[in-house]
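Protein chains: 2
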Amino acid sequence: MGEGIRSDSLLYLTDEQLRQGIEAMYFAYRGFTADPDRILESMAYGRAHHRAIHFINRAPGTTVTNLLAILGVTKQSLNRVLRTLIEDGLVESRVGKSDRRERNLYLTEDGTSLEHRLSDAQRARMRSAFRDAGPDAVSGFRQVLESMMDGELRRQYKSLRDSGQ
Amino acid sequence: MGEGIRSDSLLYLTDEQLRQGIEAMYFAYRGFTADPDRILESMAYGRAHHRAIHFINRAPGTTVTNLLAILGVTKQSLNRVLRTLIEDGLVESRVGKSDRRERNLYLTEDGTSLEHRLSDAQRARMRSAFRDAGPDAVSGFRQVLESMMDGELRRQYKSLRDSGQ
DNA sequence: ACAATATGTCAGCTTTGTTGACACTCCAAG
DNA sequence: CTTGGAGTGTCAACAAAGCTGACATATTGT
């Protein structure tokens, strides 16, 4: 073994370290979805409903096409989810003002209330993880995740992020 | 607004920061699975097959029950996946030596070869993200993910991690 | 002998994704 | 004003991957 081939600054790039990162991502994502899943399964809903509710709440008045781009599913798949949410009175679909082909989506009071329950649960876990790890770790966490995104997804993530606060 | 209510050290725990963390996790996970998914869809396989292959490779000779505990699915669900992998000659199931009720699972040569293709793709993305973000960020990333796991999952993650290298 | 364990399998159901086809509304350009 | 295309909704059919419940088999340990 030649010395100095692998410098200290590259030690975290060994296959072993990478595999640990992969497994950490897998197990953490299961924790990440566990709390909302528990709430959703008591109703007739699943993760797809949660995602729709999240992003409608995030950008009220968004169109179906925009939601399709963010979620990356087919309109048939999204439509099935939206239909149940509209039927159940959690989402309101208003005909577009300037372009009447578009549908602008909004959460109703009930929809907002469910969104709060779901995001409270998810935020509580995220808050606890952030608190445990500390501000520097949080910054690193965000940096790595952002680098892991696909180009188009990263664009959408940043666009949402910058529209926030 | 009163000054000093929210100290600098807690700024990263605002709902806005937490929501960004949640969305980062969502978009990053899609990037995380994108490359293996592309490889898998060219065959008749899905993510469930990838997970089985990953953990069999990780712990050769593991039993079905152990795999069930790690993956958190029902045996019917896992069995469907394992059956196709065994039929296709990617996984070998050997009767247990000491306890003949158990089945010890191993990757065949073909199974190992597919595992390499999948993990090479996934590691490449992880490596690139790690390199972009730097060692400190990687450490933070791992810390936050570990805190985000459920208790039982964290136990399994650590057990795998410590058995490595 | 008997109970418990590990595994496999059958049937049936759910959620969430997919294609393909088609209709309707509406905007904009010719 | 007609016509093409975009945005939307819906139908049918299907697939992957999870679930429950029930049951069979082999094996182990008491």
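Sequence lines, in order, name chains Y and L. The first sequence begins at 3 in our numbering and counts up one residue at a time. The second sequence begins at 3 in our numbering and counts up one residue at a time. The beta carbon of each residue, even a glycine, is placed where N, CA and C say it ideally should be.
Can you tell me which of the options puts its alpha carbon nearest to the alpha carbon of residue i?
i	options	result
A46 of chain L	L:V66, L:R53, L:T86 and L:T16	L:T86
V75 of chain Y	Y:R49, Y:L92 and Y:R103	Y:R49
A54 of chain L	L:S95, L:D138 and L:S149	L:S95
G153 of chain Y	Y:V140, Y:K77, Y:I72 and Y:D138	Y:I72
E111 of chain Y	Y:P62, Y:Y31 and Y:Q22	Y:P62
A135 of chain Y	L:A135, L:S149 and L:V140	L:S149
Q158 of chain Y	L:T16, L:R32 and L:A139	L:R32
S44 of chain Y	Y:L15, Y:M151, Y:L116 and Y:R133	Y:L116
V66 of chain L	L:L42, L:S100 and L:E104	L:E104
T114 of chain Y	Y:Q22, Y:I88, Y:F34 and Y:N81	Y:I88
F57 of chain Y	L:Y28, L:F57 and L:S100	L:Y28
F34 of chain Y	L:N81, L:G23 and L:P137	L:G23
For residue i, does the count of other Cβ atoms within 10 angstroms reach 16, so buried, or fall short, so exposed?
i	result
N59 of chain L	buried
S165 of chain Y	exposed
I7 of chain L	Low confidence applies to I7 of chain L: its pLDDT is 45, below 50, so where it sits in the model is not reliable enough to give any reading.
H118 of chain L	exposed
R102 of chain Y	exposed
V93 of chain L	buried
K160 of chain L	exposed
S9 of chain L	At S9 of chain L, the pLDDT of 48 sits below 50, so the modelled position is not reliable; the number obtained from the coordinates is stated separately. Classification for S9 of chain L: exposed.
V83 of chain L	buried
V97 of chain Y	exposed
T64 of chain L	buried
Q78 of chain L	exposed
G91 of chain L	exposed
M3 of chain L	Note that M3 of chain L scores a pLDDT of 47, beneath 50, so its modelled location is shaky and nothing firm can be said.
E5 of chain Y	Residue placement at E5 of chain Y cannot be trusted, given a pLDDT of 47 that sits under 50; the coordinates are not used to answer.
M151 of chain Y	buried
E18 of chain Y	exposed
L80 of chain Y	buried
Quick one: measure Cβ to Cβ for residue i and residue j, integer angstroms, because I've assumed they're closer than 8 angstroms.
i	j	result
R129 of chain Y	L155 of chain L	Not quite, the Cβ-Cβ distance comes to about 19 angstroms (not below 8 angstroms), so this is no contact.
R144 of chain Y	A26 of chain L	6 angstroms
L120 of chain L	H52 of chain L	6 angstroms
L69 of chain Y	L107 of chain Y	7 angstroms
G142 of chain L	A139 of chain Y	3 angstroms
R133 of chain Y	L15 of chain L	7 angstroms
Hey, is residue i close to the ligand PLP, as in C-beta under 7 angstroms from one of its heavy atoms?
i	result
G166 of chain Y	Only the bare structure without any ligand can be found here, which leaves the ligand PLP out of the picture.
Exercise. Is there contact here, the segment 28 to 42 of chain L with the segment 119 to 127 of chain L, by at least three beta-carbon pairs under 8 angstroms?
Worked result: yes
For this session: Determine which residues of the segment 139 to 160 of chain L have a Cβ less than 8 angstroms from any Cβ of chain Y, and write them out in chain order.
Result: A139, V140, S141, G142, F143, R144, Q145, V146, L147, E148, S149, M150, M151, D152, L155, R156, Q158 and Y159
Problem set entry | Contact list for the segment 90 to 121 of chain Y against chain L, Cβ threshold 9 angstroms | S121
For this session: Pull out every residue of the segment 25 to 37 of chain L whose Cβ sits closer than 7 angstroms to any Cβ of chain Y, in chain order.
Result: E25, A26, M27, F29, A30, Y31, R32, G33, F34 and A36
Exercise. Which residues, in order along the segment 66 to 80 of chain L, keep a beta-carbon less than 8 angstroms from a beta-carbon of chain Y?
Worked result: G74
Exercise. Residues in the segment 120 to 135 of chain Y with C-beta within 8 angstroms of chain L's C-beta atoms, listed in sequence order?
Worked result: S121, Q124, R125, R127, M128, R129, S130, A131, F132, R133, D134 and A135
For this session: May I ask you to list, following chain order, the residues of the segment 34 to 65 of chain L that have a beta carbon less than 7 angstroms from some beta carbon of chain Y?
Result: F34 and A36
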